[in-house]
Amino acid sequence: MFSWPKSTTPASEYKEKLVAAAGAQPTSPPRSPPAPHRKSDDMLKSLITAVMPTHPTAEQLGARLEKCSVPVSLDPCRTCADPCDIGHAEYPKHFLNLASDMFGSVRAYGRQVVISTGASDWQRDIEDEKNSLAHYLSPVHHSLVRSTKKTAAPSASHVPGVFESAESTSLSILNGSHRTPDENNSASVIVLPDFKLVTSVDKTAKGAAELWKAALDPDVGRAGVPAQGNIRSFPLPYQCVVLICSHKRRSMRCHIAAPKLEDALITSLESIGWEAHTQPDDPDTLGPALETIPGSPEERDAAFVSRLKNVDDEYDQKRVLIVRVSHTGGHKYAGNMILCFPQGASVWYGKMTPHEVPEVVRQTIVGGKIMPGLLRGGMHLSRPDGKNIIDW
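The opening residue of the sequence shown carries number 1 in the UniProt record's numbering; numbering runs sequentially from there.
As structure tokens, this is what we get:
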């Protein structure tokens with residue numbers, strides 16, 4: 001069998017002869033190329049830097065809001081140590097979604113209703129629950145509201161998520177944890193930003209239509225219409241109504257956050273001498289129904305506002321109503337909280353923890369100022385002439 005002759009020249013000497021024959025100088029072995037994973041990591045970092053938005057800081061948001069006459073506080077949202085050293089309740093590890101930018105995530109609406117159910121969790125879509133007021137109210141609104149809807153205009157120029165509710169005919173429908181005496185047949189409805197409690201609303205299509213015509217029609221003022229049927233309305237005797245999303249079937253995070261935020265609110269309010277309520281007062285103790293106010297629509301609205309202004313004189317302590325509600329949108333921003341005031345403002349805060357609650361009480365509920373670091377958006381936040389959101 002034929003075989004190639006074996007070379008007697010050492011491999012290194014043979015390589016040098018080949019290089020010399022080619023007219024090149026011997027070179028050292030080339031360096032190893034960069035590890036592929038390093039190159040991939042560098043490319044990924046560059047790509048993320050290029051496409052990921054840089055979230056504005058609280059100071060930057062505050063500056064934008066101040067230019068539009070929104071009262072802000074740039075004090076820290078959290079004053080306890082991290083880890084907490086004063087016993088605030090904690091969320092599970094990695095609970096908060098810190099990557100998402102929540103500012104501007106609120107869609108405009110004209111009014112918001114919170115329907116009594118006595119529960120803190122509901123079907124995934126509350127309108128799907130047969131024989132519930134939410135089930136009837138949504139189609140009633142869409143059938144009765146004007147076909148030429150207004151487009152909500154920002155109350156603060158170029159600030160997303162901040163609107164004047166009077167410029168929208170959208171209706172936000174929520175279920176709430178508050179109760180009503182006749183739970184099986186009727187409901188009590190909190191109407192915002194009007195800041196009133198509408199009672200004796202039948203859980204029927206007819207009842208939903210009566211509620212809409214009496215209190216939710218965009219052409220109807222805060223005081224509603226004069227007495228019609230069984231519906232009666234009363235001013236809410238509180239300095240603030242706080243809505244906390246607890247809707248487990250929509251978001252486990254909201255379900256976990258709600259009781260912790262509620263407990264922290266109660267503790268913080270009571271520590272400054274305020275009362276915290278989780279159920280509205282008995283309507284029989286709230287004075288004459290708004291439907292009995294005489295006069296023109298403008299006169300009736302003025303009389304209603306006067307009663308809201310006089311709440312401080314009727315009670316020895318300032319009071320806040322806390323209600324757990326169904327999905328408000330943006331479950332990735334849990335814990336979600338909406339602070340509503342009789343002066344008309346609604347402040348949507350997100351990524352709330354019990355650690356921020358004392359400052360929310362101090363700066364927003366008591367001080368009337370917005371905390372940009374927690375803000376998702378809101379209604380009626382612009383206050384000219386240096387006023388805050390709790391000034392009349």
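Glycine included, C-beta positions come from ideal geometry on N, C-alpha and C.
Shown here, residue 276 sits in a strand according to DSSP, grouped into three states.
Taking C-beta atoms under 8 Å as the contact rule, residue 161 and residue 105 qualify, at a distance of about 6 Å. Residue 210 and residue 320 have their C-alpha atoms some 29 Å from each other. Going by C-alpha positions, residue 221 is about 20 Å away from residue 138.
Per DSSP, reduced to three states, the secondary structure at residue 361 is helical.
Between residue 190 and residue 198, the C-beta gap is smaller than 9 Å, which places the two residues in contact. Separation of the CB atoms of residue 163 and residue 379 is rounded to 6 Å, and the pair is thereby assigned contact status at 8 Å. By the C-beta criterion, the segment 313-328 is judged not to be in contact with the segment 68-80, since fewer than 3 inter-stretch pairs fall below 8 Å. Take the alpha-carbon of residue 205 and the one of residue 92: they are about 42 Å apart. With a beta-carbon spacing of about 22 Å, residue 102 and residue 383 fall beyond the 8 Å limit used to define contacts.
Beyond the five residues adjoining it in sequence on each side, residue 121 comes within less than 8 Å, by CB distance, of 246, 247, 248, 249, 255 in the same chain, given in chain order. Residues 291 of the same chain have their beta carbon placed closer than 7 Å to that of residue 226, with the five preceding and five following residues left out of the count. Residue pairing from DSSP places residue 346 in a beta bridge opposite 340, 379. Counting the other CB atoms within 10 Å of its CB gives residue 81 a total below 16, which places it among the exposed residues.
Secondary structure at residue 173: strand, using DSSP grouped into helix, strand and coil. By the Cβ neighbour-count rule, residue 124 is exposed, with fewer than 16 other Cβ atoms within 10 Å of its own. Secondary structure at residue 115: strand, using DSSP grouped into helix, strand and coil.
Excluding the 5 residues flanking it on each side, residue 300 has same chain C-beta neighbours closer than 6 Å at 223, 293, in chain order. For residue 362, the closest alpha carbon among the candidates 302, 295, 240 is that of 240.
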